[in-house]
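Heads up: the sequence shown begins at 1 in the UniProt record's numbering, then just goes up one per residue.
C-beta: ideal position from N, C-alpha, C; glycine also.
Computed from a prediction, not measured in an experiment: that's the story for all the values here.
Here's the structure, in structure tokens; my notes come after.
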Amino acid sequence: MAQNFFTELKIPQQKIFDGLVFPKVLSPNSRNSVEFRSLTDAIKHDKPWLDSVLHQHGAILFRGFSVSTATDFNDVVETFGYEELPYVGGAAPRTNVVGRVFTANESPPDKKIPFHHEMAQVPEYPSKLFFFCEVEPANGGETPIVLSHVVYERMKEKYPEFVQNLEEHGLIYTRVLGEEDDPSSPIGSGWKSTFLTKDKIVAEERAAKLNMKLEWTEDGVKSIMGPIPAIKFDKTRQRKIWFNSMVAAYTGWEDARNNPVKAVTFGMENLYHLILSTTV
1 MAQNFFTELK IPQQKIFDGL VFPKVLSPNS RNSVEFRSLT DAIKHDKPWL DSVLHQHGAI
61 LFRGFSVSTA TDFNDVVETF GYEELPYVGG AAPRTNVVGR VFTANESPPD KKIPFHHEMA
121 QVPEYPSKLF FFCEVEPANG GETPIVLSHV VYERMKEKYP EFVQNLEEHG LIYTRVLGEE
181 DDPSSPIGSG WKSTFLTKDK IVAEERAAKL NMKLEWTEDG VKSIMGPIPA IKFDKTRQRK
241 IWFNSMVAAY TGWEDARNNP VKAVTFGMEN LYHLILSTTV
């Protein structure tokens with residue numbers, strides 16, 4: 001049984017929303033359960049229970065288990081059995097470490113990565129994400145998380161007109177990509193990495209499947225995505241959620257090729273200045 005292997009842990013960083021802790025923290029309930037193989041066996045046995053905990057609380061933090069390498073982490077991910085989503089259309093420069101495990105972002109450590117939803121700027125995005133820290137940094141490196149429906153509710157309460165425009169018109173994301181990856185930029189994935197090909201024709205075909213328009217330049221390509229919804233409806237929980245990369249694009253899509261002011265706009269051109277004045 002799940003309760004025989006996992007025990008709930010409390011940490012200072014947890015928050016309470018609607019009477020539920022966020023995130024839910026699970027740890028082994030005895031020293032015998034710390035072993036890596038015990039964890040994967042428990043996941044196989046208690047998968048329905050873990051899915052229900054994730055659905056109810058929004059996130060699970062596993063603490064105190066012997067998952068020490070990328071290979072261990074990949075085995076844990078594989079044990080959950082979720083469908084894999086190819087990383088096509090993403091902006092972050094990443095390297096495949098092993099199996100389904102990638103580096104999170106290879107830009108310099110002083111680059112901040114604002115809140116965003118993973119691949120919200122394309123129609124096909126992951127339903128679940130796993131994070132793992134192999135080597136704890138001396139400073140920083142945390143991955144903050146937030147509940148999307150709470151963000152939506154607070155934004156609607158504080159900026160109702162802005163949220164209404166988002167719901168009605170969606171967003172357009174524009175990004176200029178070089179041919180190769182730029183490790184100095186948090187959005188430095190080149191078009192070859194972004195579309196997993198060295199062939200421009202194949203890149204155009206894959207972009208078209210994402211409803212993305214490409215405009216080739218002398219040394220790269222401009223990608224235009226949208227209009228695409230910025231607010232979505234979570235059918236499983238019957239509520240609206242904030243789901244976009246607006247903050248990340250407007251505050252973080254900046255490098256030698258990109259101006260964040262031009263990175264994200266409303267789906268209608270005449271609303272361009274409204275999004276700027278509202279988010280500043």
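The alpha helix (DSSP H) enclosing F131, as first and last residue numbers: Neither: F131 is in no alpha helix (DSSP H) and is coded neither H nor E.
With C-beta atoms as the reference, is T79 less than 9 Å away from G99? no
Between the alpha carbons of E179 and E161, how many angstroms are there, rounded? 39 Å
Using the three-state DSSP reduction, which class does F17 fall into: helix, strand or coil? strand
Beta-carbon contacts of A91 that lie in its chain and below 7 Å, excluding the five residues immediately before and after: R175, I187 and S189
Cβ neighbour criterion (16 or more within 10 Å) applied to Q56: exposed
Kindly say whether T103, judged by its beta-carbon, lies nearer than 9 Å to any beta-carbon of chain D. Absent from the structure: chain D. Only one protein chain is present.
Kindly indicate which three-state DSSP category M155 falls into: helix, strand or coil? helix
Find the nearest neighbour of L85 within the set E254, T265, K232 and F130, judged by alpha-carbon distance. F130
Nearest residue (CA-CA) to T251, options I43, T265 and G58: T265
So which of S193, K240, S148 and A207 has the shortest CA-CA distance to I224? A207
Starting from the Cα of N96, find the closest Cα among P109, G89, G81 and N74 and give me that residue. N74
For L196 and A203, I'd like the C-alpha separation in whole angstroms. 8 Å
Rank V261, P28 and H149 by C-alpha distance to the C-alpha of I231 and give the top, closest one. H149
Span separating the alpha-carbon of V280 from that of A138: At V280, the pLDDT of 37 sits below 50, so the modelled position is not reliable and the matter cannot be decided from this model.
Would you report the Cα separation of F6 and I60, rounded to the nearest angstrom? 12 Å
Considering only the alpha carbon of each residue, which of K156, V77 and I113 lies closest to P144? I113
Give a yes or no on whether the C-beta atoms belonging to Q121 and N244 are separated by under 9 Å. yes
If the criterion is Cβ atoms closer than 9 Å, does the pair V261 and F115 meet it? no
Return yes when the Cβ of S127 is within less than 9 Å of the Cβ of Y82, no when it is not. yes
Determine the closest residue to E136 out of P229, V151 and P109, with distance taken between C-alpha atoms. P109
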